[in-house]
Each structure stands twice: as C-alpha cells, then as structure tokens.
Amino acid sequence: MGVTTIDLAIIIAYFVLSVGIGVVFSRAASKSTRNYFLGGNKLPWYALGLSNASGMFDISGTMWLVYLLFVYGLKSVWIPWLWPVFNQIFLMMFLSMWLRRSGVVTGAEWITFRFGEGRGARLSHLVVVAFALVVVLAYLAYSFIGIGKFAATFLPIHLSADPNVDATLWGLIVVAITSLYVVKGGMMSVVITEVMQFFIMTVACVVIAWIAIEAVSPDMLAAAVPEGWTNPFFGWRLDLDWSNILPAADGKIAGDGYSLFTFFFLMILVKGVFVSAAGPAPNYDMQRILSARTPREAAMMSGLVSIVLNPPRYLLIAGLSVLALVYFAPELRGMGEDVDFELILPFAMREFVPVGLLGVLIAGLLAAFMSSFAAAVNAAPAYVVNDVYRRYLKPDETEKHYVRLSVITATVFVVLGTAIGLFVPDLSSIIDWLVSALYGGYAAANVLKWYWWRFNGFGYFWGMASGVITALLLPIGESLGLGGVAALDPWQFFPIMLAITTAASIAGTLMTPPTEMPALVEFYRRTRPWGFWGPVHRALEEAEGRAVEPNRDFGIDMMNVGLGIVWQTSLVAVPVFLVIGEMAMMWMALLLAVALTVVFKFTWYDRLKDYPDDVSEAAAEAKASGPAVPQGAGAAL
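Encoded structure:
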C-alpha cells in the first residue's frame, strides 16, 4: 500500500492551508514585537495549551518513542523522564504562575526582572541568550532529521537514487514550506495553525490505534515480544531477552546503557526533579507561558498540556509499535546488526493505513513536525532581536523595523539548524545530548535563581557558562575517542555536570556583591516564591511599612507535584494498555487518573491566584503591558 492521488491531495491541501494562515495573520503580527512574539497576550489559555501540546507532538520525538515502546515495552513509559516530561507538572502547580507574573517577553528579559541592571545582570542576560540560541539550533536539527526520513519514505517522488540524499532533499523542502507561515505570521500564526494541527493529529492517532486493535490480538502480540514486555514495573536489571526474537534489540539496549534499569530510573528521577524545579528552558514552552493572558491562565494552560497531549499521542505510539512488532519483525531481523529502528513508524503506516486515511495521518504527522519546528523558529528572533539588538544596539527603532529583522533572523536560524542536522547521525544521539548534557548544564543556576535570594547575576553567568561549555565539549571529546568522562552516556554524565555547574554558580555568587535590594524586593513582591527569601521579605515589609504574607505553599505544592507525576504517568499508560488489550490494567490506570483529577480540583485549581493578595492586579497588568524592554526592576521603587 502506498500514497495515492487522494492522499497527496489531502497533504497538499494541508500545506496550502497552513501557509495561508500565516499570510492572514501576518498583518496583526507586524504591529509590534509583543504581537509577533506573544500574540499580544490575547490568546486564551486553552488555545495556548492545545498549541503547546501540538508543538510537543513532534515527528522526531514520536519516532523515538515508537522505538522505545517496541524495544522496552511498557517499561518505556519511564524513559521519557530523561526529558523530563514531568516538568509540565512543576509548571502546572506553581512555576507557570511565578513566571507569568513578570510580564516580560522572553526568558532573557526575565533575567533583568530577577537580577536588576548591574554588570552581573548583563552578563547573565547574555549567557541565557546564548543558551537559548543553542537550544533552538539543537531543536531545529532534531526536527530536520526526523522529517527527512519520514518524507522520503512516503512521498512518491524520489529526488535521488541514494535514500540518504533523498531524505535530506525532502527534509529541506518541508522545512522551507514550514518556514513560510512561521516567519510571516509570528506567534499568532503559530498558535492558530497548531490548534488546527492538533485536531488533525488526534484523528490520526485514533485511526491508527483502532487499526492496531483490530489487526493484532493479545495472543499475537504475546508471541512477538519477550517475557515481561507488558509489565511496566522492573527489578534491578531490565531483564528483557530478545535473543530468540530480534537479537539486534538486545544490542540496542546494551548500547543505550539502560540495562541496570533501577539505577537508570533513580538517576533520571533525580535529574528530572532538578531540571523541572529550574523552570522552563528558554524555548517554545516558556514563550507559551509568557503569552498567556494572566498567571492563572498560564498554570491552567500547563495543566491542559498533559491531558490533551499524552492520551492521543500514546494511542498512535502504541498502535504503530504493536503493528510493527507482529508484522515488521521479519524485515528487521533481515537487517542483521544494522537495524534502523527509526523506520518502524513509516513501515507501520505504509502497510496498514487505508487510502484517504493515510493522507490524513501523513498530514497529521507533518503537522506535528511543523508544530515543533515552528515553535523553535519563533523563539530564535525573540532572543536575537528583543534581547540583543533592541536592548544593546538599536533601542529606539520602530516596531516594524524590529519585526522585519525578526523575519530575517528566523530565516537565518532555519538555515543554520538545518545545516547542523545534516551532520547528526541519528535521533537518539541528539536527544540524549539535548536532554541530558545541555539541560543538565541548565539545572543548577536556574534552580538557585528561584529559591535563594543571595544568588546573583554573576553566579548565574558562571553557572550557565560552565554548563554550556561543558555540554558543547562533551560530543567533541566523544568524537575524538577520548576515554574517561567523554566515554560516558550523556545521562550518566549528569551528576558530573551538576557538580561543575553548582560549584561555579555558588563560587560566582559568593565572590561578588548581592543583587541590589530594590530589584530583589520588586521581584519578590510580584512573584512571591517560596524558598530562602528571609532578608528580602523583611526588606519588603520595611519598605511598605506593613506585614507581608510570605508564600507558605511549599508543602502543598510538593504534594501536588508528587501526585501530578503519578497522574501524568497514568495518562500515558491508559492508551498503551488499551491498545495491547490489557483491559484490567487500563481501567486501574484510568480510575487513578480520574481520582487524582478530582483531588486537584481542591488542592490546585481552587487555589490558583494571578498575584499575591497584597499586590494590585491592575498595577501588575499595567506594568506587564508596558514597554517590551523594561527600564530596570529597581527603577519601579
């Protein structure tokens, strides 16, 4: 079964519609940088939530997750904690509200809100811009790798006799089309397009899950997998023996370094908590939070992401994995040791999806690629134009000038990210580096910025700089064949990375003066985090001549986080159990998810606040809607 004329018509219609949306919304986006980057803070929370979920529903990540479920079975529900996927729970429970209360446009601009206007703040501002741009380039390369393989498999025209060259050429074409609507229409175009993409993708997910349930019985699946594949729980070792079914899978497990699964699980749990407590990295997730109309809506948006993303996505992942396990295994065995597990997704689609529905599914997965790619492209000019050019070089130009430069910047980053993608060997390598090495370098400084008043801009600069430099050196050492730490997997390197960046953060802080107290007081007054803020709390009370209620929600926030991780994992497990026919486990996971949703009505939803009780919401919103680049947090006092 292949792509027919009907399927091609559906795909082409989808591309035309996406580009058309970008053109329609380009006029509104061109009015100001706040419109271009944040949609003017007028987009409702549910649209932002659907958009954010669609942006995370990327084709490269889906190919990776299909491979994980195929090889690791139900134990694969834990492996995405590498990312970590439960950062959405921390955002939902408290961090989205804290971040949105700033009223800024980008994560780098937030640094000024936190650290003031001194030399340390300027250094930290520049280093977070550098980090953000490295992340953007990594995401663009990651997206390009997946879309090239996918498009070359399905689109009927072969541009080269060499499959690798064919994948590269098709990747370039799809990237070019995607860039048209993103570069032209800014955040509003991205969100509207992604909402449309989400519903297309959901239809595709339901269709493939239904096909898998009809085509594969539980007995057929049991014969195709090793013992323990359907069990999400584990002992000290992984204990999945593929030797009699698909020997290459055992080699892949050994290569991934996950055999000692309990050690791996504990490592990614600890890493995940640190990275999640640091708040969102300066990427598409942060931009959606800053785009929300209010802090309360920012938290609701983050909560919605887990609900709308995980069930449909894992219907697709489980359906494709089950079909491939039963019907694609002989072809995989024929590849010997050179198995390309990233071909599982396109094989299952090509062989089992009927005419018409295949076009919808391809359009849906192209939508998923376009969503993640669009989000990364939109983030790049926000940092280059708003946080460097506007702040340090040309602060008095017109809004149209900044928007035009944003279009040029977005185009340049598309070219650079695509070029990097040409040299990355596979998805797993860039995912491991991105989520373990690069995000590992981000954790220490960004945890300290929220919870310790004494932490200053110099500490932030040295913590982040040491993390970025170490992360960039790690693949160089590996490529040169160096031993020692260079031979470790990126996730195994995390404790070393955390130690380096924590030491640099604390040393840089203690060897330099504290941030000016007026800037700290304004940050604390608006954000009101819990943590070690005693001196700043006393300074705020002294400045205002009255008692100020501190944030006493640490206990209930941490309880909600723990329950939220269980809730999110159950939402992942429900669709997988449904597709593989484990109905008793499916009902248990579903009942757990529903029960925890009811609990959150009382422990989370009813307690959401835009601002602390003693902060005027009108004044806060007036400040948030002011100039895109503030004149300094301390100036407000």
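Numbering (the working numbering) for the sequence shown: 98 to 734. Quick reminder that beta carbons are idealized off the backbone N, C-alpha and C, glycines included. This one's a predicted model, so the numbers in the text were calculated from it and none came from an experiment.
Are three or more beta carbon pairs between the segment 640–659 and the segment 152–166 nearer than 8 Å?
-> Touching, no, given that fewer than three Cβ pairs across the two stretches are closer than 8 Å.
Find the nearest neighbour of Ala-542 within the set Ala-421, Met-561 and His-498, judged by alpha-carbon distance.
-> Check the Cα spacing between Ala-542 and each of Ala-421, Met-561 and His-498: the tightest is with Met-561.
Of all the options Arg-219, Val-304 and Val-225, which has the alpha carbon lying nearest to the alpha carbon of Ala-445?
-> Residue Val-304 holds the alpha-carbon nearest to the alpha-carbon of Ala-445 among Arg-219, Val-304 and Val-225.
Spatial neighbours of Leu-742 in its chain, beta-carbon cut-off 6 Å, leaving aside the 5 residues before and after = Nothing can be reported for residue 742, as the shown portion of the chain is limited to 98 through 734.
Cutoff 7 Å; reference Gly-580; Cβ partners in own chain excluding five residues on either side = Reliability of the predicted coordinates at Gly-580 is poor, the pLDDT of 46 falling under 50, and no value is obtained from them.
Starting from the C-beta of Ala-227, find all residues in its chain whose C-beta is less than 7 Å away, skip the five residues before and the five after it, and write them out in chain order.
-> Val-565, listed in sequence order.
Could you check the C-alpha separation between Ala-681 and Val-673 for me, to the nearest Å?
-> Answer to the nearest angstrom: the Cα atoms are 12 Å apart.
Starting from Trp-549, follow its DSSP beta bridges and name the residues at the other end.
-> Answer is Phe-629, bridged to Trp-549.
Would you give the residue range spanned by the alpha helix (DSSP H) that Lys-139 belongs to?
-> For Lys-139, there is no enclosing alpha helix (DSSP H), as DSSP marks it with neither H nor E.
Distance CB(Gly-514)-CB(Leu-234) smaller than 7 Å | Closer than 7 Å, so yes.
Give me the Cα-Cα distance between Ala-306 and Ala-312, rounded to the nearest whole angstrom.
-> If I take the Cα positions, the gap works out to 10 Å.
CB-CB length for Ile-365 against Trp-178, believed under 8 Å = Cβ atoms of Ile-365 and Trp-178 come within 8 Å of each other, at about 4 Å.
Does the distance from the C-beta atom of Asn-483 to that of Thr-203 stay below 7 Å?
-> Yes, the Cβ-Cβ distance between Asn-483 and Thr-203 is below 7 Å.
Relative to the alpha-carbon of Val-618, which residue among Gly-628, Asn-407 and Glu-638 has its alpha-carbon at the smallest distance?
-> If we check each option's Cα against that of Val-618, Glu-638 comes out closest.
Does the separation of the CB atoms of Met-683 and Val-695 fall below 7 Å?
-> In this structure, Val-695 does not lie closer than 7 Å to Met-683 by Cβ.
Identify the continuous alpha helix (DSSP H) that holds Pro-315 and give its terminal residues.
-> For Pro-315, the uninterrupted alpha helix (DSSP H) run begins and ends at 315–321, by DSSP.
CB Arg-623 to CB Ala-389, shorter than 7 Å?
-> In terms of Cβ geometry, Arg-623 and Ala-389 do not form a close pair [threshold 7 Å].
Would Ser-418 pass as a contact of Leu-166 if the rule is Cβ separation under 7 Å?
-> Contact flag set, yes.
Starting from Gly-400, follow the alpha helix (DSSP H) in both directions and report where the run begins and ends.
-> First-last of the alpha helix (DSSP H) with Gly-400: 392–424.
By how many angstroms is the C-alpha of Phe-183 removed from the C-alpha of Ile-662?
-> Ile-662 and Phe-183: Cα-Cα distance of roughly 6 Å.
Member of Phe-362, Ile-350 and Leu-318 whose CA lies at the smallest distance from the CA of Phe-331 = Comparing Cα positions, the closest option is Phe-362.
Nearest candidate by alpha-carbon position, reference Ile-414, set Phe-697, Ala-144 and Gly-158 = Comparing C-alpha distances from Ile-414 to each of Phe-697, Ala-144 and Gly-158 shows the shortest one belongs to Gly-158.
Helix, strand or coil at Tyr-111 [DSSP, three-state] = Helix at Tyr-111.
Which term fits Asn-341, buried or exposed, when burial requires 16 or more other beta carbons within 10 angstroms of its beta carbon?
-> So Asn-341 counts as exposed.
Mind checking which residues open and close the alpha helix (DSSP H) that includes Arg-447?
-> 441–449 is the extent of the alpha helix (DSSP H) around Arg-447.
Using the Cα positions of Val-405 and Leu-145, report the straight-line distance between them to the nearest angstrom.
-> CA-to-CA, the gap between Val-405 and Leu-145 works out to about 12 Å.
Straight-line CA distance for Gly-400 to Leu-188?
-> So the two alpha carbons sit approximately 8 Å from each other.
Mark Tyr-708 as exposed unless 16 or more other C-beta atoms lie within 10 angstroms of its C-beta, in which case mark it buried.
-> Counting C-beta atoms within 10 angstroms of its own C-beta, Tyr-708 has 16 or more neighbours from the protein chains shown and is therefore classed as buried.
Could you tell me how far apart the beta carbons of Gly-556 and Ser-503 are, in whole angstroms, since I believe they sit closer than 8 Å?
-> In fact, because the Cβ distance is near 31 Å, the residues do not count as touching under 8 Å.
Quick one: using the 10 Å Cβ neighbour count with 16 as the cut-off for buried, is Leu-318 buried or exposed?
-> With 16 or more other Cβ atoms within 10 Å, it is buried.
Just curious, the alpha helix (DSSP H) that Asn-184 is in, first and last residue?
-> Annotation for Asn-184: the continuous alpha helix (DSSP H) segment containing it runs 184–187.
Over what stretch of residues does the alpha helix (DSSP H) that includes Phe-667 continue unbroken?
-> It is Ser, not Phe, that sits at residue 667 in the sequence shown. Residues 651–677.
The alpha helix (DSSP H) spanning Leu-490 covers which residue range?
-> Taken as a continuous stretch (DSSP letters only), Leu-490 belongs to no alpha helix (DSSP H), as it is neither H nor E.
Alpha carbon to alpha carbon, what distance is there between Leu-230 and Leu-387?
-> Going by the C-alpha atoms only, they are around 18 Å apart.
Tyr-480 and Ala-686: beta carbons closer than 7 Å?
-> No, the Cβ-Cβ distance between Tyr-480 and Ala-686 is not below 7 Å.
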